[in-house]
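Visitor:
There are 2 protein chains.
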Amino acid sequence: MNIDTPITARHSDSTRETLIRAAIDIFGRSGFDGASTRAIADAAKVNQALISYHFGGKSGLYLAVFEHIAGIMQQRVGPIVAAIEAELATEQAGDAAAVSARLASLHRLTDGFVALLTSDESAAWASLILREQQNPSEGFDLLYTRFMSRVLGVIRALVARIRGTDPASVETRLTALTIVGQVLVFRAARAAVMRQMEWQTTGPDEANAIRQTIHRNVTAILTQKDSR
Amino acid sequence: MNIDTPITARHSDSTRETLIRAAIDIFGRSGFDGASTRAIADAAKVNQALISYHFGGKSGLYLAVFEHIAGIMQQRVGPIVAAIEAELATEQAGDAAAVSARLASLHRLTDGFVALLTSDESAAWASLILREQQNPSEGFDLLYTRFMSRVLGVIRALVARIRGTDPASVETRLTALTIVGQVLVFRAARAAVMRQMEWQTTGPDEANAIRQTIHRNVTAILTQKDSR
DNA sequence: GTCTATAGTCGGATAGAC
DNA sequence: GTCTATCCGACTATAGAC
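First to last, the protein sequences are chains H and Y.
Going by my numbering, the residue at position 73 of the first sequence is 120; the numbering climbs one at a time, nothing skipped.
Going by my numbering, the residue at position 154 of the second sequence is 201; the numbering climbs one at a time, nothing skipped.
1) Leaving out the 5 sequence neighbours to the left and right, which residues in its chain are closer than 6 angstroms to aspartate 72/H when beta-carbon positions are compared?
2) Starting from the N-terminal side, write out each stretch of the alpha helix (DSSP H) that is 4 residues or longer and does not extend beyond the region 138-204 of chain H.
3) Can you name, in chain order, every residue of its own chain whose Cβ lies under 7 angstroms from the Cβ of leucine 199/H, other than the five neighbours on each side?
4) How would you write the range of the alpha helix (DSSP H) that asparagine 264/Y sits in, first residue to last?
5) Using a Cβ cut-off of 8 angstroms, pull out every chain Y residue sitting near threonine 260/H, in sequence order please.
6) If I measure Cβ to Cβ from histidine 186/H and keep anything under 7 angstroms in the same chain, skipping five residues before and after, which residues do I get?
7) Give a yes or no on whether 9 angstroms exceeds the smallest Cβ distance from glutamine 247/H to chain Y.
8) With 9 angstroms as the threshold, decide whether the Cβ of methionine 120/Y is near any Cβ in chain H.
9) Quick one: is glutamate 132/Y buried, meaning 16 or more other Cβ sit within 10 Å of its Cβ, or exposed?
10) When you compare only the Cα positions, how much space is there between serine 166/Y and arginine 203/Y?
11) For glutamate 64/H, report the span of its alpha helix (DSSP H) as first-last.
12) Identify every run of the alpha helix (DSSP H) within the region 77-118 of chain H, keeping only runs that are complete inside it and at least 4 residues long; order them along the chain.
13) Express the C-alpha separation of valine 232/Y and glutamine 181/H in angstroms, rounding to a whole number.
14) With distances taken from CA atoms, which of Asn255/H, Leu189/H, Ser147/H and Thr84/H is nearest glycine 211/H?
15) Please classify glycine 125/Y: does DSSP put it in a helix, a strand, or coil?
16) Output needed in chain order: residues of the region 186-220 of chain Y with a Cβ under 8 angstroms from some Cβ in chain H.
17) Kindly list, in the order they appear in chain H, the residues whose Cβ is closer than 7 angstroms to that of aspartate 80/Y.
18) For threonine 212/Y, does the three-state DSSP call read helix, strand or coil?
19) Could you have a look at glutamine 247/H and say whether DSSP puts it in helix, strand or coil?
20) Quick one: grab the DSSP three-state call for alanine 236/H.
21) Does the Cβ-Cβ distance between leucine 221/Y and isoleucine 257/H come in under 9 angstroms?
22) Looking at the C-beta of serine 174/Y, does it have a partner C-beta in chain H at a distance below 9 angstroms?
23) 9 angstroms is my cut-off, CB to CB: does isoleucine 116/H come that close to chain Y?
24) Could you pull out every residue in the same chain whose Cβ sits closer than 6 angstroms to the Cβ of glutamate 105/H, ignoring the five residues on either side in sequence?
25) Assuming glutamine 229/H contacts threonine 260/Y (C-beta within less than 8 angstroms), just tell me the rounded distance between them.
26) If you draw a straight line from the C-alpha of valine 201/Y to the C-alpha of arginine 197/H, how long is it?
27) Using the Cα positions of valine 265/Y and threonine 270/H, report the straight-line distance between them to the nearest angstrom.
28) Report yes if the C-beta of leucine 97/Y is less than 8 angstroms from at least one heavy atom of the ligand NAP; otherwise report no.
29) Under 9 angstroms between the Cβ atoms of valine 206/H and threonine 219/H?
30) Taking only beta-carbon positions, decide if isoleucine 73/H is within less than 9 angstroms of chain Y.
31) Beta-carbon separation of alanine 284/H and methionine 195/Y under 9 angstroms?
32) Alpha carbon to alpha carbon, how far is alanine 129/H from valine 161/H? Give it in angstroms, no decimals.
33) If the cut is a Cβ gap below 8 angstroms, which residues of chain Y does proline 183/H touch?
34) 9 angstroms is my cut-off, CB to CB: does leucine 153/Y come that close to chain H?
35) With burial defined as no fewer than 16 other Cβ atoms inside 10 Å of the residue's Cβ, what is the status of alanine 144/H: buried or exposed?
As structure tokens, then:
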């Protein structure tokens, strides 16, 4: 019951923040092993010894990077996801007009992801996440539970409403994942995409072309007259 | 004009091969920087100094790994691709019966990829290739020119025939890439997939469910009545 | 072609002054 | 909280015997 808050809680936070920002860049470019604490400290223009002081070591900084990314994601897509969740809660299935509204929501979601995955700033942390997908550590756990599961849940719910299927079924889950895959490929297989499309960058025009193709695909997949 | 072939051409090749096989595993698991030549030599049960002797160093071994992968790919999917190329060459567009035959060819292709990407053996080199996609080096160049471009070309041709579009158009290329993405996601976002599906492994049953979903999606995408 | 031994470099962590 | 200086372990590459 001390009146003073602990001194350590009054970290300037600028050093921590600067280090995390630099770490995303360097870890993203070189991976955990390839990145040296010296390189990160240099990029942040901060003394190398401060990494151990603030994060307890290289691994601590790595984990802090994922906490930071999860925070940004939550902040950026959280409201959008929440809005869709609200829509889904108020409206019942079976309404014909609702189908096109749900489809519009799904298009908005994929549009957002395309914008994110084609942006230059996403390059660094996309590399980080892709690496974690192959070799999941504590960092991935954080990201999945705090962010990915929620987004996938919303996509599943939208798919289920549009197709009239069970949101929990294997079929619905797989369909949701293949929709994600159509966006993901443009970051995960970026080098192949650039060569195949003969693109130099992914600017607004390119992002727009991607969006349109995915709109068309998703609409076709979810509104087909199928023989199940 | 010496009668003797050079001594160096008579490498036992077993050491080279063993090293490459071990290198795929270790490089795949840890990346270029994370993998130590000691660990690779140990895994191959070969003396560490032999890496420099046979490949000129760690980088040389890394490149040799991609040459090896490109070779295996060419050997494994080369015939299948060649068969489809032959079909495409003999048959003209516009034939209604040909459409379903082309669709069947495409399904065979995606089935093959699903089998490949859900297999355990693909884990190591899939990691390698995904890493190269984010940071392309000489190794990616090899893989793209010798293998990926050819496969993407065939997919494009099939898509164009089925939809009646120009194989070289942006639209056709993007559609081909989104088809690849639907398969790729199951390797590139493996950790998220396993969690989302509540799977422990990707065995025959799981692979089959994936195949069916992709069949349905691809058919819907390519055979829809669209308003272009 | 394969081995041992080691040179030379670089990385992460920490002690201790300020 | 931040700095300098340094320890110590791990790494790649190579010299040289066999």
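Glycine residues also receive a C-beta, built at the ideal position from the N, C-alpha and C atoms.
Guide: Quick answer:
1) Scanning its chain for C-beta atoms nearer than 6 angstroms, with the 5 sequence neighbours on each side dropped, one finds around aspartate 72/H the residues Ala171, in chain order.
2) Correct list: 143-165, 169-181 and 185-190.
3) Once the five neighbours on either side are set aside, the close Cβ partners of leucine 199/H are Ala223.
4) 251-270 is the extent of the alpha helix (DSSP H) around asparagine 264/Y.
5) Those are Glu218, Leu221, Thr222 and Thr225, listed as they occur along chain Y.
6) Residue identity differs from the one stated: residue 186/H is glycine in this sequence, not histidine. Tyr109, Leu110, Phe113 and Glu179.
7) Judged by the 9 angstroms Cβ criterion, glutamine 247/H is not in contact with chain Y.
8) Between methionine 120/Y and chain H, the shortest Cβ-Cβ separation is not below 9 angstroms.
9) Answer is exposed; the Cβ neighbour count stays below 16.
10) When rounded, the distance between both Cα atoms is 25 angstroms.
11) Taken as a continuous stretch (DSSP letters only), the alpha helix (DSSP H) holding glutamate 64/H covers 61-81.
12) Correct list: 84-91 and 96-102.
13) In a straight line, the C-alpha of glutamine 181/H is about 12 angstroms away from that of valine 232/Y.
14) Ranked by how close their Cα comes to the Cα of glycine 211/H, the residues Asn255/H, Leu189/H, Ser147/H and Thr84/H have Ser147/H in first place.
15) Reduced to three states, the DSSP call for glycine 125/Y is helix.
16) Per Cβ criterion, the list reads Phe187, Tyr191, Met195, Ser196, Leu199, Val217, Glu218 and Arg220.
17) Simply Ser77, Gly78, Asp80 and Gly81.
18) It is coil, neither helix nor strand.
19) Residue state, collapsed to three classes: coil.
20) Note: alanine 236/H maps to coil in three-state DSSP.
21) Yes. Within cutoff.
22) Yes, serine 174/Y lies at the interface with chain H (some Cβ there is under 9 angstroms from its Cβ).
23) No, its Cβ sits nowhere closer than 9 angstroms to a Cβ of chain Y.
24) A small correction: the amino acid at residue 105/H is lysine; glutamate does not occupy that position in the sequence shown. Result list for lysine 105/H: Thr84, in chain order.
25) In this structure glutamine 229/H does not touch threonine 260/Y by the C-beta definition: roughly 13 angstroms separates them, more than the 8 angstroms allowed.
26) A direct Cα-to-Cα measurement between valine 201/Y and arginine 197/H gives close to 37 angstroms.
27) Cα atoms of valine 265/Y and threonine 270/H: separation of roughly 13 angstroms, rounded to the nearest angstrom.
28) As for the ligand NAP, it is missing from this structure, which has no ligand bound.
29) Going by C-beta atoms, valine 206/H is nearer than 9 angstroms to threonine 219/H.
30) With its beta carbon at least 9 angstroms from every one in chain Y, isoleucine 73/H lies outside the interface.
31) It is not possible to answer for residue 284/H, since the shown part of chain H is limited to 48 through 275.
32) One Cα belongs to valine 161/H, the other to alanine 129/H, and the distance between them is close to 19 angstroms.
33) Contact note: proline 183/H reaches chain Y through Ala238, using a C-beta cutoff of 8 angstroms and chain order.
34) Residue contact with chain H for leucine 153/Y: absent (no Cβ-Cβ distance below 9 angstroms to any residue of chain H).
35) Per the 10 Å Cβ criterion, exposed.
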